[in-house]
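What follows is one structure encoded as structure tokens, with my remarks underneath.
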């Protein structure tokens, strides 16, 4: 048995045909399949798909050394964290919440962030006539995005009121400090500020203070969010596909800055909006889907 | 004692047994029902108390979610105190994920032992439907995080136990009332239902005393009614059978009386016949004496005539020679001398014959019947029998042919008895023969190979009917009882021949008639 396993292991490099792109996928999830579909719709290339959750441990360095792909596409946080260790091959990152645009010292790492541009949200707040927007986030994880918000908000007449937390247990306290101070709550994709345990606190606050919660995913609409502005995974895939095409055509990855998603979709919970006496005009809806 | 008998009779009663069985069964069912209900009630109470404790724990776990997560002990205490205001809630514990107790409160109003409490614990989870940031962005499945706290709620169950006790008491009372009602209702109903059986058993009791004319009233068309109808039909059939039996018995008695009378008549006829035979014997003795005397004189005279004729014949022949033929008794001497001689011989012979007949008759009548002696000639016995039969005179038209074996050995036995047997057989054969030319043949022969002598009597008569053939040797069996037959001839004959160690056989004489063979052993006298 052991001899047979060793034999198969020895034959492994020769059994895999040469390919252009190594696709690293954190797990098997429909969202990744949707994004991959977007990539493949732009450019057809030879590939090898490696789902990390299928293995206990993957020697990615060895695979990269032996297969020598031209490009690595990383889908998800785990794939991003693994791929950025392969420094000799360009990496395109997408669908990774912790990818904040930085290359982390990688010479050729680029991709699409999972955060929408703050302007999309600010347009929505503006359309609903909400001026004071409360934001809770961990400066370590969301500091860059918060700064972008603070830079763009004045252009839309929005005043961001920011509370920083370093632990989820601080969220309820910070929420309490926002009582009477804000017209809306902006739920950031920050896994310190937004956890399963703290989510209820946001919506309890929303109910008690009669302020809408604008979330980054439609998954929160059923919990009590009034509006959700979320990414379009297929289009993120297409956006990444264009980068992959360019890199395979010889472009330099280091010269490419990380990009925000181009398109978003706006979804609402009409019941919550009606209870809070709010409405969204058609212009803001149309703008959200650009 | 009387009380005890009444009780025993009551317990043996069909009605009482049904009543007791039914009431006991009802009682058992009622008790079983009560036990099941009580058990179910207890389980329900326990289940309800556990559910109540679990529900309160769930509510508490839901309400302490945020303050427990943020470590807000003041809010936790407020929530715990609020829950303690709920009736029956005795004790509340709120702990964090390390099982470190943050809040523990007990009710001021409820003081019970742990056995009086029902405690339920509930882990504190985040809302299950809320996604994490990662799953919300990636669209992956939501995973359930570990609980971040635990709550325990204890409720006082003493009220529940009291309720169970009350419920049991009420159920027991209801069961008792139900049972008493069943008892009160069952007896009249049972009495009404079993009325048919009562009537049936009473009727059967009357019938057991022998009164089958009773008609048991049929009250209903149920099993008892049908049984009553069947018993009535049975009683009617029994009564009819009894009447028939009485009639048959009367007829039997009458028939027996008639038969007895007939037997008596036959017996008297036999007695008369016996008496007649006795008289005949006396008559024969008397007649033998009266005949023998003149017969002796005739015999003497005959001999004298014979001797005289012998002396006179030469003289008379000389006279006839000298003087010529002359007349004697109307005949010429030449013819008369032979006739005279023949007449003298005939007188002597017939006188001797008369003497022999008389002698045989006397010997037959008063001879030594039971003595066995050697040297008995069967042929002499047959000749003696022939003499008697011929002298009897009846059936004279029947021709008797006898073929006697001259070389027949003698046997040991009683000649008179053998003669009596032959007489019986000859008379039977002659009586069975119509007489129109047919005859009876008697033959004697010796069968050396079997060491026996046979006397064979053949007739050409009407043969033996089957019924008579089966009962030949039984007494009083005869086809001629009405003509004076005794039915004892063959019975006695068989007895005599059996005494001689012999046997009598009957067979059919083709084309008609009967052959009777008497077989007698040839044996020394000492063997008998």
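Residue numbers (my numbering), protein chains in the order written: chain A, 2 to 291; chain B, 328 to 855.
The C-beta atom is built at its ideal place from N, Cα and C for all residues, glycine as well.
- Neighbours of residue 220(A) in chain B, taken as residues at a C-beta separation under 7 Å, are given in chain order as 458, 463.
- Burial state of residue 90(A) is buried, judged by a 10 Å Cβ sphere holding 16 or more other Cβ atoms.
- Between residue 541(B) and residue 530(B) a beta carbon distance of about 6 Å is seen, short of the 8 Å cut, so the two are scored as contacting.
- At a C-beta separation below 8 Å, residue 115(A) has these neighbours in chain B: 464.
- With respect to the 8 Å criterion, residue 779(B) and residue 709(B) are not classified as neighbours on the basis of their beta carbons.
- With 16 or more other Cβ atoms inside 10 Å of its own Cβ, residue 829(B) counts as buried.
- With respect to the C-alpha of residue 250(A), the residue from 72(A), 38(A), 30(A) having the closest C-alpha is 72(A).
- Look at residue 150(A) here: in three-state DSSP terms it is helix.
- Distance check between residue 347(B) and each of 375(B), 509(B), 753(B), 394(B) places 509(B) closest, using alpha-carbon atoms only.
- With respect to the 8 Å criterion, residue 554(B) and residue 517(B) are not classified as neighbours on the basis of their beta carbons.
- Against residue 198(A), the close residues of chain B are 396, 453, 475, in the order they occur along the chain (beta-carbon pairs closer than 7 Å).
- Under the 8 Å criterion on CB atoms, residue 262(A) is classed as non-interfacial with respect to chain B.
- Under DSSP, residue 410(B) shares a beta bridge with no residue.
- Residue 154(A) is outside the set of residues whose beta carbon lies under 8 Å from a beta carbon in chain B.
- The C-alpha of residue 276(A) lies about 28 Å from the C-alpha of residue 396(B).
- Excluding residues up to 5 positions away in sequence, 101, 102 lie with their Cβ nearer than 8 Å to the Cβ of residue 145(A) in the same chain.
- Under the 10 Å beta carbon count, residue 181(A) is surrounded by fewer than 16 other beta carbons and is classified as exposed.
- Along the segment 432-443 of chain B, none of the residues has a CB nearer than 8 Å to a CB of chain A.
- Ranked by Cα distance from residue 387(B), the options 365(B), 367(B), 413(B), 373(B) are led by 413(B).
- Non-local beta-carbon contacts of residue 169(A) in its own chain, meaning distances under 8 Å to residues more than five positions away in sequence, involve 193, 194, 196, 198, 199 in chain order.
- For residue 98(A), the neighbours in chain B by C-beta distance under 7 Å run, in chain order, 460, 461, 464.
- For residue 472(B), the nearest beta carbon of chain A is closer than 8 Å to its own beta carbon.
- Within chain A, the residues 198, 201 have their CB atoms less than 8 Å from the CB of residue 392(B), given in chain order.
- Rounded to whole angstroms, the separation of the alpha carbons of residue 815(B) and residue 611(B) is 22 Å.
- For residue 26(A), the pairing in a beta bridge is given by DSSP as 52(A), 76(A).
- Classified as buried, residue 418(B) has 16 or more neighbouring CB atoms from the shown chains inside 10 Å of its CB.
- C-alpha of residue 399(B) to C-alpha of residue 173(A): approximately 9 Å in a straight line.
- Per DSSP, residue 96(A) lies in no alpha helix (DSSP H) and is assigned neither H nor E.
- Annotation: the continuous beta strand (DSSP E) that includes residue 165(A) extends over 160-165.
- In the three-state DSSP reduction, residue 545(B) falls in the coil class, being neither helix nor strand.
- Listed along the chain, the chain B residues whose CB falls inside 7 Å of the CB of residue 195(A) are 460.
- At the C-beta level, residue 159(A) and residue 126(A) come within 8 Å of one another.
- Inter-residue distance for residue 350(B) and residue 515(B) is about 13 Å (C-alpha atoms, whole angstroms).
- Judged by DSSP in its simplified three-state form, residue 850(B) adopts coil rather than helix or strand.
- Only those residues of the segment 156-177 of chain A whose C-beta falls short of 7 Å from the nearest C-beta of chain B are listed: 170, 173, 174.
- The beta carbons of residue 138(A) and residue 165(A) sit closer together than 8 Å.
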